[in-house]
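Numbering (our numbering), first residue to last: 8 to 91. Everything below concerns the one structure shown next.
See the structure below:
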């Protein structure tokens with residue numbers, strides 16, 4: 008089994024993954040202030056520039072590992088990871 012992992016430093020909240028995923032795995036949301044502290048300097052600049060909007064894999068268990076989200080993401084912020 009695989010699930011999508013989103014690199015918070017790369018995601019710019021452009022919602023391509025939301026639009027492309029046929030299994031409705033993703034939703035847009037606002038990155039919480041506590042999670043913003045973990046970002047790199049560049050990640051914080053990107054976050055502020057995009058109103059902290061990012062994609063979240065809220066239904067990761069519905070992922071079929073089709074890879075459409077990976078291909079659709081212009082920032083290459085998504086990888087499919089094997090569930091352990």
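All C-beta atoms in this analysis are idealised placements derived from N, C-alpha and C, irrespective of residue type, glycine included.
Secondary structure of residue 9 (DSSP, three-state): strand.
With respect to the 8 Å criterion, residue 34 and residue 82 are not classified as neighbours on the basis of their beta carbons. The DSSP-derived three-state label of residue 52 is helix. Note that the C-beta distance between residue 16 and residue 62 is not below 8 Å. Secondary structure at residue 78: helix, using DSSP grouped into helix, strand and coil.
Contact annotation, residue 88 with residue 13: C-beta distance approximately 11 Å; criterion of less than 8 Å not satisfied.
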